[in-house]
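K.L.:
Number of protein chains: 2
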Amino acid sequence: MVVSELSEQDVNRLFRALADATRRDIVRRTLVTDISVSQLADSYEMSFAAVQKHIAVLEEAHLVTKAARGRERMVRGNLDRIRQAQRLLDHFEELWRSRIDRLDSLLAEDSPATPDT
Amino acid sequence: MVVSELSEQDVNRLFRALADATRRDIVRRTLVTDISVSQLADSYEMSFAAVQKHIAVLEEAHLVTKAARGRERMVRGNLDRIRQAQRLLDHFEELWRSRIDRLDSLLAEDSPATPDT
DNA sequence: CTCTGATACAACCATTTGATTGTACGATAC
DNA sequence: GTATCGTACAATCAAATGGTTGTATCAGAG
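Protein sequences, first through last, are from chains U and F.
What the first sequence shows, in UniProt numbering, is residues 1 to 117, in sequence order.
What the second sequence shows, in UniProt numbering, is residues 1 to 117, in sequence order.
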């Protein structure tokens, strides 16, 4: 399994790519079925080039990949990146839990497991 | 339980707020311990006002809350929003699974459970 | 070969973002 | 009361974002 830590830049690009409704919609649709760039472009109330740019942003964030098929480029959603995003959020949850743990140990004893603060 | 659907705008703000390393760090730290605005500001290589703005972005995304304590404002991370973000990502995963399901039924029978497409 | 459909990409523009400095104000210390 | 600490907020600015149109390229149809 490729663990490959994401750089801060990568994480920035990942969340930023998700911070747009059109891009989220593209990800959803391409997770279900491969769709060509022009098919996607037809779906939105903006120019072809604008949709192309959104796809480019998603590609840089590795949320989608493109593969040539004839003269078309088929766009495919990449679930792995979604999962990496989930793992990032999981880490926040763990941090929060540590707060609770420390509170618990404070309540449990008078000299808890806080070594050398 | 408060389900309260997030609007597209809310989701945009949520992911955008997470798309910055300084802001992610603030969320992490304030999930573990309440910290004042000035304490946070001391930690980063930027002006007080810049940190204040980052906190404002996080507040608008409801990723942190502020509470007055004397003349300080204590910042506290809000795990619920993190969890809402996770749920949003879960939904992507479910969509992806539907693709697999459809593939499976295609492989299983010749006239599968695709009713009236 | 020529026409056309699908894509790529450059140039441009308005708006937003991320940072700065400076000013004002409320709460606490003295 | 006065000084000062912590915060808020306005004005400003460079860079990034999100959109546009126009031009070029590339693969397949006729």
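Heads up, the beta-carbon is just placed ideally off N, CA and C, and yes, glycines get one too.
For clarity, every value in this text was computed on a predicted model and none was experimentally measured.
Would histidine 54 of chain U be called buried (16 or more neighbouring beta carbons within 10 Å of its own) or exposed?
P.N.:
buried
K.L.:
For residue 118 of chain F, which of helix, strand or coil comes out of DSSP?
P.N.:
Outside the modelled stretch of chain F, which goes from 1 to 117, sits residue 118 of chain F, for which no answer is possible.
K.L.:
Can you check whether the C-beta of phenylalanine 92 of chain F is within less than 8 angstroms of a C-beta belonging to chain U?
P.N.:
yes
K.L.:
Leaving aside the five residues before and after aspartate 67 of chain F along the sequence, list all residues of the same chain whose C-beta is less than 6 angstroms from its C-beta, in chain order.
P.N.:
For the sequence presented, residue 67 of chain F should be read as alanine rather than aspartate. These residues qualify, in order along the chain: Met74.
K.L.:
Between F:Leu63, F:Ser38, F:Gln52, which has its C-alpha nearest glutamate 93 of chain U's C-alpha?
P.N.:
F:Leu63
K.L.:
For the candidate residues F:Leu95, F:Ala41, F:Arg81, whose alpha-carbon lies nearest to that of phenylalanine 15 of chain F?
P.N.:
Checked all of F:Leu95, F:Ala41, F:Arg81; the closest Cα to phenylalanine 15 of chain F is F:Arg81.
K.L.:
Between the segment 44-51 of chain F and the segment 29-40 of chain U, do at least 3 Cβ pairs fall closer than 8 angstroms?
P.N.:
With the cut-off at 8 angstroms, the segment 44-51 of chain F and the segment 29-40 of chain U do not touch.
K.L.:
Looking at leucine 79 of chain F and alanine 17 of chain F, is the spacing between their C-beta atoms short of 8 angstroms?
P.N.:
When the beta-carbon positions are compared, alanine 17 of chain F and leucine 79 of chain F stay at least 8 angstroms from each other.
K.L.:
Between the Cα of glutamate 60 of chain F and the Cα atoms of F:Glu5, F:Asp10, F:Leu6, which residue gives the shortest distance?
P.N.:
Nearest C-alpha to glutamate 60 of chain F: F:Asp10.
K.L.:
So who's on the other strand from glutamate 72 of chain F, going by DSSP bridges?
P.N.:
F:Arg69
K.L.:
Please classify serine 111 of chain F as buried or exposed, where buried requires at least 16 other C-beta atoms within 10 Å of its C-beta.
P.N.:
At serine 111 of chain F, the pLDDT of 48 sits below 50, so the modelled position is not reliable; the number obtained from the coordinates is stated separately. Exposed, because fewer than 16 other Cβ atoms sit within 10 Å of the Cβ of serine 111 of chain F.
K.L.:
Name, going along the chain, the residues of the segment 78-102 of chain U whose beta-carbon falls closer than 7 angstroms to a beta-carbon of chain F.
P.N.:
Leu79, Ile82, Ala85, Gln86, Leu89, Phe92, Glu93, Leu95, Trp96, Ser98, Arg99
K.L.:
Out of U:Leu31, U:Gly70, U:Ala49, U:Arg87, which has the shortest C-alpha to C-alpha gap to glycine 77 of chain U?
P.N.:
U:Leu31
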